[in-house]
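K.L.:
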């Protein structure tokens with residue numbers, strides 16, 4: 063009981079703190095239009111092109127299970143959890159959830 | 104003589120105010136900074152000394168079975184991961200906003216602490232940091248001892264375990280809705296409601 067109460071209080075405090083903080087983590091949803099060793103480019107719903115860098119730490123998931131990086135192909139629907147690299151000012155992918163592959167990427 | 108003393112006192116006051124102003128103006132109250140090497144050294148020494156010897160040398164009464172690790176993993180995902188991250192790296196929005204930042208618990212600075220020290224920290228918290236006391240005021244709690252085993256397991260945690268933990272993390276209705284929208288998008292439905300979401 064005490065533990066739950068303590069956890070709730072901590073959670074409330076931390077949520078209040080986080081509401082004030084400027085988080086830099088971002089989700090991108092879109093369809094892959096290009097991919098190479100270091101970057102993936104997606105086209106989002108608004109048709110905007112977004113480039114996200116890939117790294118050794120990038121994790122790939124399909125149906126919530128680890129998947130090979132090779133599954134990231136042009137036409138794949140993805141949700142990318144990225145974080146702004148303060149040095150390069152580019153988004154770096156932390157986790158990429160892979161979805162269905164569209165036969166032709168949406169223009 | 105009195106004039107010299109008054110002048111010296113005034114000089115000290117001016118120096119104190121100037122130092123204080125420089126501290127504040129240079130972001131002295133910001134939690135964004137990392138503690139310096141000297142502060143880290145003394146803080147760790149003080150923490151070590153603050154743990155009673157008997158507590159430091161205490162042995163974990165809970166056997167490290169798969170059930171223990173599984174219980175602790177669930178507990179960690181629910182109570183600890185929002186600061187420490189599921190993998191113990193401390194790389195969360197909240198964790199990185201704290202001063203001091205949560206340590207990467209996979210590394211030696213944490214792994215070299217004794218079981219008793221780890222238990223003491225979880226049970227009693229650490230004053231002037233974001234680490235609260237999770238144990239009851241009196242008596243031993245086995246959940247914290249189980250967490251000690253899980254912390255030992257962190258350097259070897261697998262992607263499968265991390266994926267399981269992600270499902271155990273606390274979540275809000277808004278986050279659940281967002282997850283559902285993402286799931287539908289990944290499955291090929293054509294109603295992605297937005298393209299980019301900042302989350303804190």
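Chains as they are written, first to last, in our numbering: chain B, 63 to 169; chain W, 104 to 303. All residues carry an ideal CB built from backbone N, CA and C; glycine is no exception.
Could you run through the stretch 125-140 of chain B and flag, in chain order, every residue whose CB is less than 7 angstroms away from some CB of chain W?
P.N.:
126, 127, 128 and 139
K.L.:
With DSSP as the reference, please indicate the residues paired to residue 146 of chain B in a beta bridge.
P.N.:
Its beta-bridge partners are B:153.
K.L.:
State yes or no: is the C-beta of residue 178 of chain B within less than 8 angstroms of the C-beta of residue 160 of chain B?
P.N.:
Here chain B has residues from 63 to 169 only, and residue 178 of chain B is not among them.
K.L.:
So is residue 284 of chain W buried or exposed if we call it buried at 16+ other beta carbons inside 10 Å?
P.N.:
Burial call: buried.
K.L.:
Here's the rule I'm using: 16 or more other beta-carbon atoms within 10 Å means buried, otherwise exposed. How should residue 84 of chain B be labelled?
P.N.:
With a pLDDT of 33 at residue 84 of chain B, under the threshold of 50, the modelled position of this residue cannot be trusted; read the value that follows with caution. Residue 84 of chain B should be labelled exposed.
K.L.:
Specify the secondary structure class of residue 148 of chain W as computed by DSSP and reduced to three states.
P.N.:
helix
K.L.:
Measuring only between beta-carbons, confirm whether residue 193 of chain W sits less than 8 angstroms from chain B.
P.N.:
no
K.L.:
Could you give the residue range of the beta strand (DSSP E) that holds residue 103 of chain B?
P.N.:
101-105
K.L.:
Got a sec? Which residues, its chain only, sit under 7 angstroms from residue 195 of chain W by beta carbon, not counting five neighbours each side?
P.N.:
185, 186 and 188
K.L.:
Using a C-beta cutoff of 8 angstroms, does residue 123 of chain B count as contacting chain W?
P.N.:
Judged by the 8 angstroms Cβ criterion, residue 123 of chain B is in contact with chain W.
K.L.:
Could you have a look at residue 176 of chain W and say whether DSSP puts it in helix, strand or coil?
P.N.:
DSSP places residue 176 of chain W in helix when its eight states are reduced to three.
K.L.:
Just checking my contact of residue 160 of chain W with residue 217 of chain W at CB under 8 angstroms: how many whole Å lie between their CB atoms?
P.N.:
7 angstroms
K.L.:
Could you spell out the range, first to last residue, of the beta strand (DSSP E) harbouring residue 165 of chain W?
P.N.:
Looking at the DSSP string, residue 165 of chain W is not in any beta strand (DSSP E), and its letter there is neither H nor E.
K.L.:
Is residue 156 of chain B near the ligand NAD, with its Cβ less than 7 angstroms from a heavy atom?
P.N.:
No copy of the ligand NAD occurs in the structure displayed, which carries no ligand at all.
K.L.:
Between which two residues does the beta strand (DSSP E) holding residue 111 of chain B run?
P.N.:
111-115 is the span of the beta strand (DSSP E), which, as asked, contains residue 111 of chain B.
K.L.:
For residue 266 of chain W, decide whether its Cβ has a neighbour in chain B, counting only Cβ atoms nearer than 8 angstroms.
P.N.:
yes
K.L.:
At the level of alpha carbons, what is the spacing between residue 182 of chain W and residue 110 of chain W?
P.N.:
56 angstroms
K.L.:
Quick one: which residues of the stretch 283-295 of chain W get their C-beta closer than 7 angstroms to a C-beta of chain B? List them in chain order.
P.N.:
285, 288, 289, 290, 291 and 295
K.L.:
How would you write the range of the beta strand (DSSP E) that residue 134 of chain B sits in, first residue to last?
P.N.:
First-last for residue 134 of chain B: undefined, no H or E at that position.
K.L.:
Closest Cβ-Cβ distance between residue 113 of chain B and chain W: below 8 angstroms?
P.N.:
Chain W, which has no Cβ nearer than 8 angstroms to the Cβ of residue 113 of chain B, makes this no.
K.L.:
Pull up the DSSP beta-bridge partners for residue 184 of chain W, would you.
P.N.:
Paired residue(s): none; residue 184 of chain W is not in a bridge.
K.L.:
Three or more beta-carbon pairs under 8 angstroms between the stretch 145-154 of chain B and the stretch 121-128 of chain B, yes or no?
P.N.:
no
K.L.:
Among W:278, W:275 and W:226, which has the Cα closest to the Cα of residue 242 of chain W?
P.N.:
That would be W:226, whose Cα lies nearest to the Cα of residue 242 of chain W.
K.L.:
Below 8 angstroms between beta carbons: does that hold for residue 163 of chain W and residue 256 of chain W?
P.N.:
no
K.L.:
Take residue 266 of chain W as the anchor and find which of W:176, W:293, W:231 and W:197 has the nearest alpha-carbon.
P.N.:
Distances from the CA of residue 266 of chain W to each of W:176, W:293, W:231 and W:197 were compared; the closest alpha carbon is that of W:176.
K.L.:
I want to verify the contact list: residues of chain B whose CB lies under 8 angstroms from the CB of residue 262 of chain W, in sequence order.
P.N.:
121 and 128
K.L.:
Taking the continuous beta strand (DSSP E) assigned at residue 121 of chain B, which residues delimit it?
P.N.:
121-124
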